[in-house]
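In UniProt numbering, the protein residues as written are 1 to 619.
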């Protein structure tokens, strides 16, 4: 059976395995993960380790891919904040679970399979297409691997792919599933409709009794939210910095200290790709200059990501001395080299040139003053905040704090959802506190400290009509006008049932007749809400319907129902896409569930200290 399945194997299972891994850690029960493991491994599933090298390579590849896709540089802190480290760990844990099961079953791919996969690896073939030992060694060196370790990775990968095929064998949906979905989503409907407009300004204003009744019926629309009257003592660096000034000597010293910021050298965005020998580099250069390929394409052909060859935005001093003249000498972008470097003969691509810039002291004066002021103010704020902590612990009131420190005193009445001048952290603190309760001060970002006291809780209330009469009257008019429009639309709908056409009614009532064709279930159908669209697709041809609209009422007739043509050439393309995609989804789910079960049964151990060390070493 396995040999038969090997013959059926296509590239799909390689990326099915990877695709399911992207699901990450969510499906694992991480309450069961213990910190531990050896210093040479990042994690373990059952008896299968994820080595430091495996995790480092996977993490660096993922970071490079993100940098290339979004055009940014990721540092360790940002990568962790975005969960990149945990996503990569999740992928490797799933693969390790499958590898552990393959080991238990005694599955392992023979040397012939490893050899074939090695020969198919991009970048390992020579100019004749045969295996090139020099290219292979260069390939390994760039990844910090030896041949034995890389070939074991290939063997494990092929074994896991085979296990995935076995798990997902037979994951096929019946053909009618695709036809049913295409028929459902592809059906189109056409409608004629008119808008019966709401006209609030034509209505006589209701008297106070009617408005009061309307207010009582719609009290929730007019009731004020809960409010809190608060007193707060606060201090921010900006408060102190505004009044600070510095003499010429201090400003010039700051300017000289950060002179590189104000006198930036020329920088260039550069890619770099090294070759095994001068001849290979020269051949690549000629192919690039003739337009047959690019430096990025050359990298991809050798199994590298485009991000792997990017040096980013660099100055001349950041480049090896041997390459400075070649890369920073030309006045235009383009390919330069080959240049002899520590990596071997190397081609460089100058992608952009950022001219040198200089900001004179006079132009930088205000920025320098603000910078020095904020730095000094931040030190004062930190010192004052510590002193205020002691005052609060000693029972000082906010008024006493304002008298005995640099803190200022303020008052406000706030609601939970208002966009106030106060930071959101202060609003949250106000609604988390009881009246008069002693609370620790909070930091509201950028070293801004607030101590908050709730003085009064003002419960939600319905204002008297006299205070909100205009708002109530406007709302009454709008509702009454929509009700009148709905009533008129219902009268017109009755006329339709008596045999009149919508076109005749539109002409008689001086309403504009609109026609919309090709409406589909999953599209945004302009004037129709999702609920109205659903109703249109439930109705029979010729049905008249009414829908409420902000502008009045919509009277609509369903004029045509067009089934999706399943024999159309485009339908066959969509059917194939749907069948392939759903098969992949089912296969991915089956493999994912299996990997989760293995991990849950045999346990997961993560060496968090080693993992963090790898992530923090990101350059």
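All C-beta atoms, glycine included, are put in the ideal place defined by N, C-alpha and C.
Contact check for residue 271 and residue 295: beta-carbon distance about 6 angstroms, within the 8 angstroms limit, so the pair qualifies. Using a Cβ distance threshold of 8 angstroms, residue 335 and residue 286 do not count as a contacting pair. Ranked by Cα distance from residue 221, the first of 273, 156, 461, 309 is 461.
Per the C-alpha coordinates, the member of 545, 522, 550 positioned closest to residue 186 is 522. Beta-bridge analysis with DSSP links residue 197 to 552. For residue 388, the enclosing alpha helix (DSSP H) stretches over residues 361-393.
DSSP links residue 345 through a beta bridge to 340. Note on residue 73: under 16 other CB atoms within 10 angstroms of its CB, so exposed under the neighbour-count rule.
At the C-beta level, residue 230 and residue 482 stay beyond 8 angstroms of one another.
Bounds of any beta strand (DSSP E) do not take in residue 107, whose DSSP letter is neither H nor E. A Cβ-Cβ separation of about 7 angstroms places residue 43 in contact with residue 607 under the 8 angstroms criterion. Of 302, 535, 179, the smallest CA-CA separation from residue 132 is found for 302. For residue 424, the enclosing alpha helix (DSSP H) begins and ends at 424-432. Residue environment for residue 47: exposed (fewer than 16 other C-beta atoms within 10 angstroms of its C-beta).
Pairing residue 342 with residue 326, the inter-Cα distance amounts to about 15 angstroms. Excluding residues up to 5 positions away in sequence, 63, 85, 615, 618 lie with their Cβ nearer than 7 angstroms to the Cβ of residue 79 in the same chain. Here residue 94 is near residue 595, since their CB atoms are less than 8 angstroms apart. For residue 83, there is no enclosing beta strand (DSSP E), since its DSSP letter is neither H nor E.
Counting along the chain, residue 415 sits inside the beta strand (DSSP E) bounded by residues 408-415.
Using a 10 angstroms sphere on the CB of residue 570, the tally of other CB atoms stays under 16, which defines it as exposed. In this structure, DSSP gives residue 98 a helical state, which the three-state scheme calls helix. When the alpha-carbon of residue 580 is set against those of 514, 172, 469, 166, the nearest one is in 172. When 339, 353, 556 are compared, the shortest CA-CA separation from residue 347 is found for 339.
Between the C-alpha atoms of residue 375 and residue 421 there is a straight-line separation of about 24 angstroms. Under a 10 Å Cβ-count criterion, residue 593 is classified as exposed, with fewer than 16 other Cβ atoms of the shown protein chains found around its own Cβ.
Distances from the CA of residue 250 to each of 446, 371, 445 were compared; the closest alpha carbon is that of 371. With a contact defined as Cβ atoms closer than 8 angstroms, residue 505 and residue 496 qualify at about 7 angstroms. Exposed is the label assigned to residue 357, since fewer than 16 other Cβ atoms lie within 10 Å of its Cβ. No residue range can be given for residue 444, since it is assigned to no beta strand (DSSP E) and is classified by DSSP as neither H nor E.
Exposure of residue 83 is indicated by the presence of fewer than 16 other C-beta atoms within 10 angstroms of its C-beta. Residue 307 and residue 68 do touch by the CB rule: their CB atoms are close to 4 angstroms apart, below 8 angstroms. A straight line joining the alpha-carbon of residue 440 with that of residue 368 spans about 35 angstroms. In this structure residue 344 is in contact with residue 274, their Cβ atoms being roughly 5 angstroms apart against a cut-off of 8 angstroms. Separation of the CB atoms of residue 328 and residue 365 is rounded to 32 angstroms, and the pair is thereby denied contact status at 8 angstroms. Under the three-state reduction of DSSP, residue 157 is assigned to helix. Less than 8 angstroms divides the Cβ of residue 190 from the Cβ of residue 517.
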